[in-house]
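What follows is a set of notes on a single structure, which appears directly below.
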Amino acid sequence: MSLLFVAILAVTAQLATSASEERAAPRRLTTSTQCRTSLDLMLKDPNWKYVNNSMTRWCRLRLENKMASCCGLANFAEGKAEGCNEEECVAECLHQNMITLCNDDFGESCIIDRKPFFKTGAPAVTVRESFCVPQDCNNAA
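Residue numbering for the sequence shown follows the working numbering, beginning at 2 and increasing consecutively.
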């Protein structure tokens, strides 16, 4: 499963289940055919696949190491931790090769913050990572 897809799911799930905010009425979001086509082409591109694989592996190491150092007790494989310092538990995964590839060949690179373990028991752990939005999907929102 690609990091992009996982990131989209994690961000969507986090927004949909935020306990500190009132629940918004459900809505159906649609994307244009051009956006879906561009995203599909990007995800199938051999250069994007190569750089995404590199970024995913590198970021996992950074996140696992950060979790081990900022939490009193950490189990990365199960996504659980205790005694985490939320201010210190931010893994920086800004991958320059992905940023360059995205900006040069696909659209616009941006930075997202996500909490990969917010449902499994380590809500204080955050990953800040590179994210690629295809040009046809960039609505400047």
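All C-beta atoms, glycine included, are put in the ideal place defined by N, C-alpha and C.
Local Cβ density within 10 Å of Ser55, reported as buried at 16 or more and exposed below that: Position 54 of the sequence shown, counted from the first residue, corresponds to residue 55. Looking at its Cβ environment, which holds fewer than 16 other Cβ atoms inside 10 Å, Ser55 is exposed.
Local Cβ density within 10 Å of Asn104, reported as buried at 16 or more and exposed below that: For the purposes of this step, residue 104 is taken as residue 103 along the sequence shown, with counting starting at 1. Classification of Asn104: exposed, given that the 10 Å Cβ count is below 16.
Give a yes or no on whether the C-beta atoms belonging to Gly122 and Ala92 are separated by under 8 Å. Counted from its first residue, the sequence shown places residue 122 at position 121. Counted from its first residue, the sequence shown places residue 92 at position 91. In this structure, Ala92 does not lie closer than 8 Å to Gly122 by Cβ.
Label Ala75 either buried or exposed according to how many other C-beta atoms from any shown protein chain fall within 10 Å of its C-beta, with 16 as the threshold for buried. Counting from 1 along the sequence shown, the entry for residue 75 is found at position 74. With 16 or more Cβ atoms within 10 Å of its Cβ, Ala75 is classed as buried.
Could you check if Arg115 is buried or exposed, using at least 16 other CB atoms within 10 Å of its CB as the buried criterion? Translated into positions along the sequence shown, residue 115 becomes position 114. When all chains shown are included, Arg115 counts as buried.
Going straight from the alpha carbon of Gly84 to that of Trp59, what length do you get? Here the question's residue 84 lines up with position 83 in the sequence shown. Here the question's residue 59 lines up with position 58 in the sequence shown. Spanning the two alpha carbons is a distance of roughly 25 Å.
Just the C-alpha distance for Arg37 and Asp137, rounded to the nearest angstrom, thanks. Stepping through the sequence shown from its first residue, residue 37 is reached at position 36. Stepping through the sequence shown from its first residue, residue 137 is reached at position 136. For Arg37 and Asp137, the distance between alpha carbons rounds to 8 Å.
Considering only C-alpha positions, which residue in the set Pro135, Thr34, Leu64 and Gln97 is nearest to Val126? Stepping through the sequence shown from its first residue, residue 126 is reached at position 125. If we check each option's Cα against that of Val126, Leu64 comes out closest.
Would you decide whether Pro135 is buried or exposed? Buried here means 16 or more other CB atoms lie within 10 Å of its CB. Numbered from 1 along the sequence shown, position 134 holds the residue referred to as residue 135. With 16 or more Cβ atoms within 10 Å of its Cβ, Pro135 is classed as buried.
DSSP state of Phe132 mapped onto helix, strand, coil: Stepping through the sequence shown from its first residue, residue 132 is reached at position 131. Phe132 falls in the strand class under three-state DSSP.
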